[in-house]
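J.: Here it is: the structure, laid out below.
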Amino acid sequence: MYDTIIIGAGPAGIAASIYAARKKMNALLISSDIGGQINTTWGIENYIGYHFIEGPELIEKFNTQLATYPIEQQIGVKVNGIKKIKNGFSITTDENKTYQAKTLVYATGKKPRKLNVPGEAEYTGKGVTYCATCDGPLFSGKKVAVIGGGNSALEAVLDLSKYAAHIDLISLTQLTADRVLIDKLSDIKDLMIHLEHSVKSIEGEQFVSGLAIENLKTQKTQKVGVAGIFVEIGLVPNSELLKGIVKLNEYGEIPVNCSGETGIEALYAAGDVTDVPEKQIAVAVGEGVKAVLRAHRYLQRLQG
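See below:
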């Protein structure tokens, strides 16, 4: 039985893993990927030590540091189930393997929110995407649409401006992104902004050919021809594995105290999956550290 299992390898999970190793804990890190949301981040300007760094580059640096510690890793593995047992937790994976640990640090982050409109599911991977950083180059010289008005949407527009022939930015409201990002839009020539418009449907044949949008003020619908649609309307917590174990808040987040404790013995959570309001890389790193240090203290108490 492990001292702790850490689920998720974003900033919170990686930080927790490094500190677990430094505390000589017998730890296992399980994650479907390395990096989580940062892999889709165009540029980071607010992490200490870097004036500007691409998300994947920062994760590479995190992972390089993690590799210097003797912590067992199961990367590319999805957790299918979590069960509370007498002496801790039992974890099952998509490889039909079971692992047990005395404590659990849950740091699974968030996933993209869906539009839930006709055509979205049908054309996902066929023009509909949720990652401009990953898929932007595939649409070089083509017309694309970005859905959303927050930071992630505008970061996607800035990233796609390097490749796309034309960009339609479609926002349900006025733009809510940081002013520094909004100001950068004026430098993009081939950009059309549709404020207070909703997406009604996504259309195409074998691949996406366009989408229908409605003006919320006039109720008029128009069609916009594009080859790619980048959905950037926010994120939802990856907390479903803890339903029935922890009472989630109205947003599906895991409530925690200032030490990452969930109210369930030996269960800790960190990062964007929690109800900590500041969804920042620096905060997630600190929360991951606090959670695993609290788990370590719990184990010390068990030993007397």
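Numbered by this note's numbering, the letters in the sequence shown go through residues 33 to 336 in order.
Think of the CB as a built atom: it goes at the ideal place given N, C-alpha and C, for glycine as much as any other residue.
Owing to the predicted nature of the structure, the values given are computational and were not obtained by experimental measurement.
Is the separation between the beta-carbon of Gly173 and that of Ala209 shorter than 7 Å?
T.: No, the Cβ-Cβ distance between Gly173 and Ala209 is not below 7 Å.
J.: What did DSSP end up calling Asn183 once you bin it into helix, strand or coil?
T.: If DSSP states are grouped into helix, strand and coil, Asn183 belongs with the helices.
J.: Alpha carbon to alpha carbon, what distance is there between Gly318 and Ser271?
T.: Computed Cα separation, rounded: 20 Å.
J.: So, are the CB atoms of Leu98 and Ile76 less than 7 Å apart?
T.: Not in contact: Leu98 and Ile76 (Cβ atoms no closer than 7 Å).
J.: Could you tell me the distance, in whole angstroms, from the CA atom of Val231 to the CA atom of Glu246?
T.: Using only the alpha carbons, I get a separation of about 6 Å.
J.: Under the assumption that Ser64 contacts Val109 (Cβ atoms under 8 Å), give the Cβ distance between them as a whole number of angstroms.
T.: Yes, they are in contact, since the Cβ atoms of Ser64 and Val109 sit about 7 Å apart, within 8 Å.
J.: Give me the Cα-Cα distance between Leu192 and Gly81, rounded to the nearest whole angstrom.
T.: Taking the straight line joining both Cα atoms gives about 27 Å.
J.: Can you tell me whether DSSP reads Thr156 as helix, strand or coil?
T.: In the structure shown, Thr156 sits in a strand (DSSP, three-state: E or B).
J.: At 3 residues or longer, what runs of the beta strand (DSSP E) sit wholly inside the segment 118-167?
T.: DSSP runs (the beta strand (DSSP E)) wholly in the segment 118-167: 120-125, 130-138, 142-144.
J.: Using the rule of at least 16 other Cβ atoms within 10 Å of the residue's Cβ for burial, across every protein chain shown, is Val212 buried or exposed?
T.: By the neighbour-count rule (16 or more Cβ atoms within 10 Å), Val212 is not buried but exposed.
J.: Taking the CB atoms as reference points, tell me whether Ile123 and Ile117 lie closer together than 7 Å.
T.: No. Outside cutoff.
J.: Judging by CA-CA distance, which residue of Ile107, Val111, Gly120, Ala185 is the nearest neighbour of Leu201?
T.: When only C-alpha atoms are compared, the closest one is Ala185.
J.: If we count the other Cβ atoms within 10 Å of its Cβ and call it buried at 16 or more, is Gln69 buried or exposed?
T.: Burial call: buried.
J.: Measuring CB atoms only, is the segment 46-62 touching the segment 150-158, in the sense that at least three cross pairs come out at less than 8 Å?
T.: Short answer: they don't touch.
J.: Which residues in the same chain have their Cβ closer than 6 Å to the Cβ of Thr73, if we skip the five residues on either side of it in sequence?
T.: Cβ neighbours of Thr73 beyond the five flanking positions: Gly87.
J.: What separation, rounded to the nearest whole angstrom, lies between the Cα atoms of Glu127 and Ile66?
T.: Their backbone Cα atoms lie some 18 Å apart in a straight line.
J.: Give the straight-line distance between the Cα atoms of Arg54 and Tyr101, rounded to the nearest whole angstrom.
T.: C-alpha separation (whole angstroms): 8 Å.
J.: Below 7 Å CB to CB, which residues in the same chain sit around Lys249 once its five sequence neighbours on both sides are set aside?
T.: Hits under 7 Å: Glu228.
J.: Note down the Cα distance separating Ala323 from Ala302, rounded to an integer number of angstroms.
T.: So the two alpha carbons sit approximately 6 Å from each other.
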